[in-house]
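Residue 1468 is where the sequence shown ends in our numbering, and the numbering goes up by one at each step. Built from N, CA and C at the ideal position, the CB exists for glycine as well.
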Amino acid sequence: TPEFTFEQGNITIGNIIWSEKLASVMITNNTENQMQYQVIPKDEEIDIEKPWETAQEKTITVGNLKDDYKVIVRLTDGTNVTSYATVDIQDTVAPKIQVRGNSSEWTNQDITLTVTATEEESGLQEQAYSFDGGKTWQTENTKIYGQNTQGIVIQVRDEAGNIATYNTVNINNIDKEGPVLNVDIETTSKTITVEILSAQDNGIG
């Protein structure tokens, strides 16, 4: 019977590499026995009746692996088989976020916040963006604000369910209202005199 001591390095598992939402992993057989493997969803049990792939080389790369899949590896001498080693394929890294569009200068226009998210593993979900702390999600990575708004919590989620949260955004510099005037008007047969008694502006001033 082939001796299988995965922890001691008879089979070596390389790092999981992600590309375009799929993963690959390099597996090396350090014994004289043959190596066999299956790829199954993580929540499924091993089906010993299912055909096993037999590695033709000592080192192979198993690719096209989705998040929450697993690779089951065993050794065989052609008759006997060993116990199994499992390689879990899981994205545990949240996306990286950048946000632009908030103005540090006064403006009388709407402000559009735009989120740029980098996700190098399982990829972003179709509705990946939230501008209210995860209460609602949307496909678009932008949101338009027509008035000053406090406490905007932007989040982005990937296919594996990892969520990244950006620092709270406050929009403070929208001013769409002109000054409020208090005037006194005097008229004669020849003139109209307008005196501004006071002016108040709640925005830029």
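Distance between residue j and residue i (C-alpha atoms, nearest Å)
i, j, result
"W1281", "K1406", "30 Å"
"I1335", "D1354", "18 Å"
"T1345", "E1422", "34 Å"
"V1288", "A1357", "20 Å"
"Q1388", "S1461", "55 Å"
"S1366", "Y1408", "11 Å"
"E1312", "D1395", "49 Å"
"I1303", "I1434", "48 Å"
"Q1413", "E1384", "32 Å"
"Q1418", "D1373", "21 Å"
"S1393", "G1364", "16 Å"
"T1377", "E1368", "17 Å"
"I1294", "K1398", "According to the sequence as given, residue 1294 is Thr; it is not Ile. Going from the Cα of T1294 to the Cα of K1398 covers about 53 Å."
"Y1347", "E1307", "15 Å"
"E1320", "N1343", "19 Å"
Of the residues the options, the one placed nearest residue i, counting alpha carbons only
i, options, result
"Q1463", "G1441, S1385, T1456", "G1441"
"T1275", "A1286, K1284, K1313, T1291", "T1291"
"T1324", "Q1301, T1339, D1310", "Q1301"
"G1277", "G1326, P1314, E1308", "G1326"
"K1359", "A1427, K1305, L1376", "A1427"
"D1351", "T1379, N1430, K1305, N1445", "K1305"
"T1322", "N1273, S1452, K1453", "N1273"
"L1328", "I1279, Q1319, N1343", "I1279"
Nonlocal neighbours in the same chain, by C-beta distance under 7 Å from residue i, ignoring five residues either side
i, result
"T1317", "Q1297, Q1299"
"Q1390", "W1400, Q1401, T1402"
"G1386", "K1284, D1421, E1422"
"N1411", "I1434, N1435, I1437"
"T1381", "P1358, K1359"
Assigned exposure category for residue i - 16 Cβ within 10 Å defines buried
i, result
"D1330", "buried"
"L1338", "buried"
"I1455", "exposed"
"I1415", "buried"
Same chain only: Cβ atoms within 8 Å of residue i, ignoring 5 sequence neighbours per side
i, result
"T1349", "K1333, V1334, I1335, V1336"
"N1371", "I1437, D1438, K1439"
"W1315", "Q1299, Y1300, Q1301, R1337"
Proximal residues to residue i (C-beta, below 6 Å), its chain only, five neighbours per side dropped
i, result
"I1448", "V1457"
"I1309", "I1335"
"N1425", "A1357"
Check: residue i C-beta below 8 Å from any heavy atom of the ligand HEM
i, result
"A1318", "Here there are no bound small molecules, and the ligand HEM is not part of this structure."
Segments assigned beta strand (DSSP E), at least 3 residues, entirely inside the stretch 1299–1387: 1322–1328, 1332–1339, 1348–1352, 1359–1363, 1374–1381
Length-filtered (3 minimum) beta strand (DSSP E) runs lying within the stretch 1409–1440: 1412–1415, 1418–1421, 1426–1428, 1432–1434
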